[in-house]
Amino acid sequence: MTPDRSLASLWSLPRVIVLGAALVSLALIIMPTPAGLDATAIRGGALVLVTIAVFATGVLPEALTALAFFALAMLLSVAPTSVVFAGFTSTAFWLVFSGLVIGVAVDRTGLGVRLADTIIRRLGSDYARLVAGMIAVGILMAFVMPSTMGRIMLLIPIVTALADRIGFAPGSRGRTGLVLAMACGTWMPSAAILPANVPNMVLAGVAETLFDTHFTYGSYILLHFPATGIAKALLIFLLVMVMFRDTPNAEVVADDRDDPTASSPVRLLSVILVCTLGLWVTDFLHGISPAWIALGAAVICLMPFTG
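Per the numbering used here, the very first residue in the sequence shown carries number 515; after that it's consecutive.
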């Protein structure tokens, strides 16, 4: 690499942005505190500024940036320990974490490939049918799994395996369209199903606490599902077809592999997922939070005997 090219990469736009944010943050920290302002709030604002800059530019890996944020928040005494790490006490965090573990298990065991092959056998390799199928699966999952992020983490390895099977390489239009169809179909129409995501439950709780208004499952879905559910699903389908339509690779579609259901890890993971979904659906009976059910499933997936 020539010196000029090395210097150019050193002073790339993302690094310049991060450097500028760091200098501004440093100035905020060391300057005298203006009257009427809290020094702790200024330090917190400076830390947030540089953290957002690093996240936005991707100069450092996201995980490293997050760890650095926690470390600096404690070193700068921005907030008490209970506040800085409050997110780890949230059920939403553990639901997302557990979804990541289960998603990796689906990918590593080959269950994602098996499910992808099943989808291909049912829907064929027509792109429109696959997109519609991804949206439909996302909506159906919203009825039985109460976390949007958990559903997405569970379905992503299946969708990527499906894209691989029909010849869509990473970064291709067809692959991007399938992933977006699954993610948007899982997230947006689920707003019409009361217990399907956290914002709905927050809305129901606030309405009950402040205005003594009680939402029921049936009336909520009858009011919202025709527009927020069905109409939005159709709009997602049309947008994906217009922007990302692609032609599958026929050679890859025709490729036959051994059925991965023959392996015991796949069978065991299938049992774990069925039990997990069953406990999620019946949470009104046992009262266990979906987050702890998901965490239990994730711990079982990480056990050595599960393979």
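Every residue gets a Cβ at the ideal spot worked out from N, C-alpha and C, and that includes glycine. Note that the structure is predicted; figures quoted are calculated from it, not measured.
- Query: Does DSSP classify residue 759 as helix, strand or coil?
  - Reply: Residue state, collapsed to three classes: coil.
(Q) Using the Cβ count rule (16 or more neighbours within 10 Å means buried), how would you classify residue 813? (A) The residue in question, residue 813, is exposed, as its Cβ has fewer than 16 Cβ neighbours within 10 Å.
Q. What is the rounded straight-line gap between the Cα of residue 771 and the Cα of residue 740?
A. Low confidence applies here, because residue 771 scores a pLDDT of 49, under 50, leaving its location unreliable and the question unanswered by this model.
Query raised in the report: Which two residues bound the contiguous alpha helix (DSSP H) that contains residue 598?
Result: It spans 595 to 598 - the alpha helix (DSSP H) in which residue 598 sits, taken as one unbroken run.
*Closest to residue 810 by CA distance: which of 798, 787, 796, 726 is it?*
For residue 810, the closest C-alpha among the options 798, 787, 796, 726 is that of 787.
Answer with buried or exposed for residue 802, where buried requires no fewer than 16 other C-beta atoms within 10 angstroms of its C-beta.
It counts as exposed.
Next on the checklist: Would the stretch 685 to 699 count as touching the stretch 724 to 741 if we require 3 or more Cβ pairs under 8 Å?
Outcome noted: When C-beta atoms of the stretch 685 to 699 are compared with those of the stretch 724 to 741, fewer than three pairs fall below 8 Å, so the two segments do not count as touching.
Taking the straight line between their C-alpha atoms, what separation do you get for residue 743 and residue 582?
The straight-line gap from Cα to Cα measures roughly 40 Å.
Bounding residues of the alpha helix (DSSP H) (the contiguous stretch that carries residue 590):
It is not in any alpha helix (DSSP H) - residue 590 carries neither H nor E in the DSSP assignment.
| message | Using only the alpha-carbon positions, how far apart do residue 747 and residue 548 sit? | response | Between the alpha carbons of residue 747 and residue 548 lies a distance of about 52 Å.
Quiz item: How would you write the range of the alpha helix (DSSP H) that residue 708 sits in, first residue to last?
Solution: In the DSSP assignment, residue 708 falls outside any alpha helix (DSSP H) and carries neither an H nor an E.
Three-state secondary structure assigned by DSSP to residue 656 = Note: residue 656 maps to helix in three-state DSSP.
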